[in-house]
Structure formats: C-alpha cells, structure tokens
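Structure record follows, encoded as structure tokens.
Numbering (this note's numbering), first residue to last: 169 to 389.
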C-alpha cells in the first residue's frame, strides 16, 4: 500500500536523482530500466532527511532492541553514521555503529573494522541501500561473524527490488531470510514505486519497460 510516507520517500529519491529511469546494469548483471543509486545523496539536507526515513523504519520495526548497527562499505558507511544520529535525535535511541574497510589496514590498530568493536552476544542490524540479487549480504555476513559471535536478525534498506535471487521462484529477500535468518525491512518496494508512477503520471514507455522487467525478474509475496 502506498502510504503518505512512502510517497514522500519516492519523491525524495527522484528529486535527489537517486531513483532514475533509463538503461542500467545492476550488480547482478541484469539490464534494468530503473536504478537506485544512493551514492547520489551528497548534501547535508539529503543525508539528514534520508536518515530520518531509516530511523523511523527502525523504530517501528525493532525499537531499541538491538546493540549496534553495521554499514557495509562503501554506501552503507554514511547510511549507518547518519541513521545512528537520527535515531538519537528523533527517538533518544543511542546505539554505536561500525563499518568495514575493503582492504584490511596493516598499521596502527590494523584490521578491517572501523568504529565500534562488536562483542560476543551483540545483536547487530545492517543498514544498506538496496537488495537486488543478495550478493552484498553474502559478502557482509563473513565480516560480521568473523568479528565476534554476533546475531544478525534485521536489515534495513531503501528499496526492495523484489527480484529473483540465486534460485528460481525465490526473491533475494526470501533467500536472505532462509539462508541467514535475517528479516529485510525496506522503506519502499518496487511495487510501491510502480504504484506511485501509475497514480501520479509518468511517461508510458517508462511504465511499460518497468512492467516488462518486473514480469521477468520480480516476485511479489
């Protein structure tokens, strides 16, 4: 269902040039007519507003029932940092965050983890941008489990593209739940975006291309 909050988020993505329409290739190698690039958030206002959407979703989904948040390099780093600030400013929830380096540091403290050092028993939530085929989460989990004996039950993303993952008949989000026991919470889904475009008008070609892609790759529960 397209709520007012989802409508505002979609419009925010479009005005920020984050949600784009055209001809793109996803991380999984699929040619897609729509693309979400959170790397295009680049101002203080955008970061502040984006983090409020994430903070609201976290508050509604898990409250303060977690110990720390992880932002996978690279796009997850500013997302985790700004969301941690928004959680505190908006709801008084003060939680540490951490992220990884792509390459381990060989001097100083060394290692690949920056920020909070996770402890055994910690409940970690992951802050990411989107899930397409689930490739990134499979790269992320070994980092987290290698840092400490942590549990990861929830992941928060901007957009769920609702796409088939590595196995036919299952979306990447379904696979993440089955393989890792992680619930994925999106601010919006591709179905919300499609509904928005239908309701508020767009180039019919954009809708047609989007529908063709969704018919080919998407599964809706």
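All C-beta atoms, glycine included, are put in the ideal place defined by N, C-alpha and C.
Quiz item: Going by Cα to Cα distance, which pick from 374, 332, 373, 226 is closest to residue 388?
Solution: Of 374, 332, 373, 226, the residue nearest in Cα terms is 332.
Quiz prompt | Cα-Cα separation between residue 207 and residue 326, rounded to whole angstroms | solution = The straight-line gap from Cα to Cα measures roughly 12 angstroms.
Quiz prompt | Enclosing alpha helix (DSSP H) for residue 314 [first to last residue] | solution = Its alpha helix (DSSP H) spans residues 303 to 315.
Self-check item: Length of the line joining the Cα atoms of residue 312 and residue 329
Solution: Each residue's alpha carbon lies about 24 angstroms from the other.
Quiz item: For residue 372, which residues from the same chain have a beta carbon less than 8 angstroms from its beta carbon, with the 5 sequence-adjacent residues on both sides left out?
Solution: If we look at residue 372 and ignore the five residues flanking it on each side, it has no Cβ neighbours.
Exercise. Would you check if the distance between the CB atom of residue 341 and the CB atom of residue 299 is smaller than 7 angstroms?
Key: Using a Cβ distance threshold of 7 angstroms, residue 341 and residue 299 count as a contacting pair.
Self-check item: residue 415 (DSSP reduced to helix, strand or coil)
Solution: What is shown of the chain runs 169 to 389, which leaves residue 415 out entirely.
Quiz item: Is residue 221 near residue 177, with beta carbons less than 7 angstroms apart?
Solution: Taking C-beta atoms as the reference points, residue 221 and residue 177 count as a pair closer than 7 angstroms.
Exercise. Please report how far the alpha carbon of residue 362 lies from the alpha carbon of residue 244, in whole angstroms.
Key: Taking the straight line from one Cα to the other gives about 25 angstroms.
Self-check item: Segments of 3+ residues assigned as beta strand (DSSP E) that fall wholly inside the segment 192 to 245
Solution: Complete beta strand (DSSP E) runs here, min 3: 199 to 204, 236 to 239.
Quiz prompt | Residue from 292, 210, 355, 269 whose Cα sits closest to the Cα of residue 242 | solution = When only C-alpha atoms are compared, the closest one is 269.
Quiz item: Are the segment 218 to 236 and the segment 247 to 264 touching by the rule of at least three beta carbon pairs closer than 8 angstroms?
Solution: A contact between stretches requires three or more CB pairs, one per stretch, nearer than 8 angstroms, and the segment 218 to 236 meets this requirement with the segment 247 to 264.
Self-check item: Residue nearest to residue 214 in terms of C-alpha spacing, selected from 225, 247, 369
Solution: The shortest C-alpha separation from residue 214 is found at 247.
Quiz item: Given residue 261, which residues of its chain have a CB within under 6 angstroms of its CB, disregarding the five upstream and five downstream residues?
Solution: Correct list, in chain order: 232, 255.
Quiz item: Rounded to a whole number of angstroms, what is the C-alpha to C-alpha distance between residue 353 and residue 263?
Solution: Approximately 19 angstroms between the Cα atoms of the pair.
Practice problem: Please determine, among 192, 203, 175, 226, the residue with the shortest C-alpha to C-alpha distance to residue 322. | Solution: It is 226 whose Cα lies nearest to the Cα of residue 322.
Practice problem: Output yes or no for whether 7 angstroms exceeds the beta carbon distance between residue 309 and residue 202. | Solution: No Cβ-Cβ contact shorter than 7 angstroms links residue 309 with residue 202.
Exercise. For the beta strand (DSSP E) containing residue 288, list its first residue and its last residue.
Key: In the DSSP assignment, residue 288 falls outside any beta strand (DSSP E) and carries neither an H nor an E.
Self-check item: Those residues which DSSP pairs with residue 265 across a bridge
Solution: The secondary-structure analysis by DSSP pairs residue 265 across a beta bridge with 237.
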